[in-house]
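Residue numbers (the working numbering): 61 to 185.
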């Protein structure tokens, strides 16, 4: 986590009409403000649907809803990553099959160039 010797900044946020002063790392103020605005919107939506439920319960329900969104988003991202890797593996196999059809000296040169491109691509990521 964070080192207690690291200087902290503070920023004002508003949740359900109440102001809070929150500390954060330098440079994280905008992200914190955006997160607070998102949370406030979620809390307002829950409060408007509920029958005079406490702010604590509204906050809990908003936290659960946002956690659910985050988990679904991560699951979708993992599925997309898996699909990408599966397709990339299939393309790699197709390339190997195509290269095996070439005369030996052309295939060796093509494999060398493909490996160089792959290494350059990986080093750029």
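Backbone N, C-alpha and C define an ideal beta-carbon position, used for all residues, glycine too.
Remember, predicted model here, so these are calculated numbers, not experimental data.
> Which residues in the same chain have their Cβ closer than 6 Å to the Cβ of residue 80, if we skip the five residues on either side of it in sequence?
Replying inline: 73
> Between the region 129-139 and the region 106-113, do three or more beta carbon pairs fall short of 8 Å?
Replying inline: no
>> Quick check on residue 104: does DSSP put it in helix, strand or coil?
In response: helix
> Mapping DSSP to helix, strand and coil, what is residue 88?
Replying inline: Coil.
>> Distance check for residue 78 and residue 144, CA to CA, integer angstroms please.
In response: 45 Å
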